[in-house]
Amino acid sequence: MSAPSLSPAPSPAPARSPAPAFLGRGRLARWGAALAALLALAGYLTLQYLIGGGGAPRCRVVADHGGTSYEFTPEQAENAATISAVGTSRGLPERAVTIALATALQESGLHNIGHGDRDSLGLFQQRPSQGWGTRRQIMDPAYAAGAFYDHLVRVPGYARLPLTVAAQRVQRSGFPRAYAKHEPDARLLATALTGHSAATLTCEGRPAPTPAGGPDAVRAALVRDFGRQVLPAAGTGTEAGSGVGVRASVTAAPSAGDRGDAGGGDGGGTRASVTVPVPRGAPAEGRTRRTGWELAHWAVAHSSALHIARVSYAGLEWSRGGGAGEWRTVDKPRPGAGAGEDGKNGGAGREAAGTDVVRIATGD
């Protein structure tokens, strides 16, 4: 009988090495960095809220009697106002502006984008290779809008066509029915931007981080969008039927008490202002008011880019710093104070001669 075989004793399990200490420290460091980032973000948002910058700046247009509204960014508002101004300066009807705005909403979302399908560019996604202009020209919103209108007016009966059909005749898009869904918003925008509704466009928030401010920048933008006829000839006044005149002056901004603000305003101090006389005559009173509100809404839409702080027209005032950018009623000038914005005599005389004015105050 053979001796039983003995199995070898199992070898002991290897001892588990402790986790390196640096792994624990690395995890803690990552958590600490994340917490620090969150605290920094919370501090930034709190600061922005305290200084009046809580949230991204917004613009809003509403129907004349309330109800329907459309919200968009200052950049979109600026581009929409330029599209409208270029159209009305050519004497085109509100319908043409509506078609142009709906087209830009579909093609770019009212953003001046530097890319697109193939070589498409800008607000209307126009192509240099198809004869729409150079890249630099197309990226100029005023040029792009003018090029669109040049093609639109060649479409027979465009104002009577369904909007999406008229837009497609110009754009020749692969999605010919896509423009229709933007018609309600485009019509709302066009009504405000052409001055057919009063005090219906508002903007809030801070000036854009650009140096483009002051009367010179406002005048340049007015000429760019409305054409040179927006400025009066040097050394001449503005008479009925001569278009819109613009002059600049430096004025001391009135205090909230002088303006009668109910808890708003963007502070006092000296501000540079542009005064835009709007000529009028009794038979054209409605047209005059439309022109005035067109200019006033244009200024509000450009308030972020041009650092516009206040716009006044027809007894109403928009202020960047008060009431979320809403239009408010302002007190009428005191008797005997009827001087021009520049402090010289003649303001009352101009109004007696039948001239409304839009006042645009700039400053940070």
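Residues 1 to 364, numbered by UniProt numbering, are exactly what the sequence shown covers, in order.
Even glycine gets a Cβ: it sits at the ideal position worked out from N, Cα and C.
- By the C-beta density criterion, Leu35 is exposed, having fewer than 16 other C-beta atoms within 10 angstroms.
- Distance from Leu306 to Val358 at the Cβ level is roughly 14 Å; contact not present, criterion being Cβ atoms closer than 8 Å.
- Per DSSP, the beta-bridge partners of Asp356 are Val278.
- Cβ-Cβ distances below 8 Å link Leu163 to Thr98, Ile99, Ala102, Tyr179, Ala180, Glu183 and Ala186 in the same chain, with the five nearest sequence neighbours on each side left out; the list follows chain order.
- Within its own chain, the residues whose Cβ lies closer than 7 Å to the Cβ of Asp119, once the five positions on either side in sequence are excluded, are Arg127, Pro128 and Ser129, listed in chain order.
- Of the residues assessed, His302 falls on the buried side of the cut-off, its CB having 16 or more other CB atoms within 10 angstroms.
- Rounded to whole angstroms, the gap between the alpha carbons of His196 and Ala145 is 20 Å.
- Looking at the backbone, the Cα of Arg320 and that of Glu204 are separated by about 6 Å.
- As the crow flies, the alpha-carbon of Gly133 is around 16 Å from that of Ile113.
- According to the DSSP assignment, Tyr313 belongs to the beta strand (DSSP E) that extends over Ile308 to Tyr313.
- In the DSSP assignment, Ser197 is bridged to no other residue.
- Remark: C-beta atoms of Arg328 and Ala361 do not approach each other more closely than 9 Å.
- In this structure, the straight-line span from the alpha carbon of Glu94 to that of Arg135 is close to 28 Å.
- Around the CB of Asp117, fewer than 16 other CB atoms lie within 10 Å, so the residue is classed as exposed.
- Contact check for Arg90 against Tyr149 passes: the beta carbons are separated by less than 9 Å.
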